[in-house]
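Numbering-wise, my numbering comes out as the position in the sequence shown, counting from 1, plus 17.
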Amino acid sequence: MRRLMPGRNALSAADTPKTAEPRPMPGHVAVIMDGNGRWATGRGLPRIAGHKRGINSVRKITRHAKARGVRYLTLFAFSTENWLRPKEEVHGLFDLFRYYMRRECRTLAREGVRIRFIGDSSEMPADIQSMMVEAEGMTATGDAMTLIVALNYGSRGEIVAASRRLAARAAAGEIDPAAIDDAMLAAELNTADFPDPDLIIRTSGEQRLSNFLLWQAAYSEFLFVDRHWPDFDEEAFDQCIERYRLRDRRFGGLRKSG
Ligand code: FPP
């Protein structure tokens, strides 16, 4: 049985039980799938080999999260900043998306997994845009779990675009600027149809959000795992869930128990 590396994966002060009953399963888990490049280079392989292996983890974790009763799983697949990577890596990643969509959509549909995308799809290659529309259509009735793939996604850009839309409506006299509140802004975000993530996991030991779900993460729990994404398996996912369930979430209020 493979174990998580010691250190940050060991139970921390935040993980010591503070409630009599463990909290329920997280309804929405979001993952920053980091460490593909390091997984590959550590083995003397090209970086794209790590992304390829990362697809296996995407499949495994999607199936497993669904089996565990997670309702929403968000995966950060390509950020608006990832365009800064060498052209070959960006093209390689796009080829992997194509491969994934061709192979997985039917399976997701069969398994009741609805796929949705967040991010600016207009900048993606035209054939990938078509595949995204097709995949959303093909899986639209899935009610076991929603898999949200963040593709060309950046949270600051999302918030700026939402603010612009609200400003335009205010300028047109449709809304009163003083009436703009959290709910109105949230309704303009790419994630308007989804609940905020309960748990955000980042693999590979880095501890930052990297422009991911900045607004939506206001009260999320965070777990940073010292394992590269291609090595993140069902057991590692279950350990994250166990740690989450020991957390005491107060949403700014006071602790309910003792
Ligand atoms: C971060 O690792 C990972 C990415 C930028 C891409 C993630 C993409 C996949 C796992 C494959 C496609 C996903 C789907 C949903 C089809 P990194 O390259 O930054 O790793 P490093 O920090 O070690 O360099």
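Cβ atoms here follow ideal geometry from the backbone N, Cα and C, with glycine treated the same way.
Alpha carbon to alpha carbon, what distance is there between residue j and residue i?
| i | j | result |
| --- | --- | --- |
| H45 | L90 | 6 Å |
| W246 | Q146 | 25 Å |
| D198 | E140 | 30 Å |
| M149 | L271 | 43 Å |
| R25 | D51 | Low local confidence applies: a pLDDT of 43 at R25 is under 50, so the model's placement there is unreliable, and no value is given. |
| R264 | P39 | 8 Å |
| G86 | R70 | 25 Å |
| L21 | D193 | For L21, the predicted model reports a pLDDT of 38, less than 50, meaning its position is unreliable and no value from the coordinates is stated. |
| K83 | N207 | 22 Å |
| E8 | P43 | Nothing can be reported for residue 8: it is not among the residues displayed for the chain, which extend from 18 to 275. |
| R102 | R55 | 15 Å |
| A203 | R88 | 20 Å |
| K104 | D137 | 19 Å |
| E251 | I78 | 6 Å |
| T220 | L62 | 20 Å |
| C257 | P212 | 20 Å |
| P23 | P41 | Caution is warranted here: a pLDDT of 38 is assigned to P23, below 50, making its placement in the model unreliable, and no coordinate value can be reported. |
| M201 | T58 | 45 Å |
| T163 | R76 | 14 Å |
| A143 | W100 | 16 Å |
| L183 | R60 | 49 Å |
| T158 | N53 | 32 Å |
| A196 | I217 | 31 Å |
| R19 | H108 | Its pLDDT being 37, under 50, R19 is placed unreliably in this model, and the value from its coordinates should be taken loosely. So the alpha carbons of these two residues sit roughly 33 Å apart. |
Could you check whether residue j and residue i sit closer than 9 Å to each other, using their CB atoms as the reference points?
| i | j | result |
| --- | --- | --- |
| R171 | T124 | Correcting the residue identity first, residue 171 is Gly in this sequence and not Arg. Not closer than 9 Å, so no. |
| H68 | E121 | no |
| R289 | D210 | Since the first residue of the chain shown is 18 and the last is 275, residue 289 is not available in this structure. |
| A253 | I165 | no |
| E128 | R80 | yes |
| F249 | Q224 | no |
| I49 | F93 | yes |
| E238 | D255 | no |
| R262 | Y236 | no |
| D243 | G222 | yes |
Which residues does DSSP list as the beta-bridge partners of residue i?
| i | result |
| --- | --- |
| S96 | Y170 |
| V242 | T220 |
| F134 | V166 |
| H45 | Y89 |
Using C-beta distances below 7 Å, list every residue in its chain close to residue i, excluding the 5 sequence neighbours before and after it, in chain order.
| i | result |
| --- | --- |
| F95 | L110, L168 and N169 |
| T156 | C122, L125, A126, V130, R131 and I132 |
| L226 | A234 |
| I135 | I165, A167, Y170, N207 and T208 |
| D186 | For clarity, residue 186 is Arg in the given sequence; the question names Asp instead. So the qualifying residues of the chain are I192. |
With a threshold of 9 Å between beta-carbons, can residue i be considered close to chain B, or not?
| i | result |
| --- | --- |
| L164 | Looking for chain B here will not work: only one protein chain is present. |
How close, in whole Å, do the beta carbons of residue i and residue j come, if the pair is a contact with beta carbons under 8 Å?
| i | j | result |
| --- | --- | --- |
| N228 | R173 | 6 Å |
| E205 | A179 | 4 Å |
Considering only residues of the same chain and omitting the five flanking positions on each side of residue i, which have a CB-CB separation below 8 Å?
| i | result |
| --- | --- |
| I72 | L113, Y116 and Y117 |
| L231 | S172, R173 and I176 |
| D160 | G129 and R131 |
Please find out if some non-hydrogen atom of ligand 2 comes closer than 8 Å to the beta-carbon of residue i.
| i | result |
| --- | --- |
| F249 | Of the ligands one can find in the structure shown, namely ligand 1, none is ligand 2. |
Give every residue of the same chain whose Cβ lies closer than 6 Å to the Cβ of residue i, excluding the five residues on either side of it in the sequence, and list them in chain order.
| i | result |
| --- | --- |
| E191 | none |
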